[in-house]
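Note that the working numbering numbers the sequence shown so that position 123 is 144, with each residue one more than the last.
Each remark here refers to the structure printed beneath this line.
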Amino acid sequence: MIHETIYKKLLRIVPDLAEAKFEAKKLKAEGFMDLNIDILYWDEGHQRCVIALSHYWKHDSGDMIADPDMEIAIYPSRKLAEALSYQDSFGYRQVYPEPGKVNPRAKKELNSFLNLWLSNIISQGHR
22 MIHETIYKKL
32 LRIVPDLAEA
42 KFEAKKLKAE
52 GFMDLNIDIL
62 YWDEGHQRCV
72 IALSHYWKHD
82 SGDMIADPDM
92 EIAIYPSRKL
102 AEALSYQDSF
112 GYRQVYPEPG
122 KVNPRAKKEL
132 NSFLNLWLSN
142 IISQGHR
């Protein structure tokens, strides 16, 4: 199941992610953009943690732009994780556009992208 695979890959990159006792981390890999991980919030009862995962690049204006920037839900007790949203300089997509609604196409595509991105991050040596 892709949600289990994503969870395992996230733990390979950040072994203490399931406890998430940090607010933010910046991971480095020689020759690649830094990887930023921010804890956005924990649901009540600590059943679900939502993080932001992003690379930043310097725009010609001097501004730092998150591209890509994803929100990811992590369910530590179930050992699952899933993409919630994706944003880059070209647009924004959500898996759950409003309460009780799901965009099945976005869910499949964003989780597929996240799975591939995490594989690339691992192979680049981010730790």
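Ideal placement from N, C-alpha and C gives every residue a C-beta, glycine not left out.
In this structure S75 is buried. Its beta-carbon is surrounded by 16 or more other beta-carbon atoms within 10 angstroms.
Around L32, the same chain offers L38 and A39 as residues with beta carbons nearer than 7 Å, after the five sequence neighbours per side are excluded.
Cβ atoms of E92 and V71 come within 8 Å of each other, at about 6 Å. Contact between K46 and V35 is confirmed by a C-beta separation of about 7 Å, below the 8 Å threshold. Sequence-distant partners of S98 (beyond 5 residues in either direction) whose C-beta falls short of 8 Å from its own C-beta, in its chain, are Q68. By the 16-neighbour rule on beta-carbons within 10 angstroms, R148 is exposed.
For Q108, the enclosing beta strand (DSSP E) covers residues L101 to D109.
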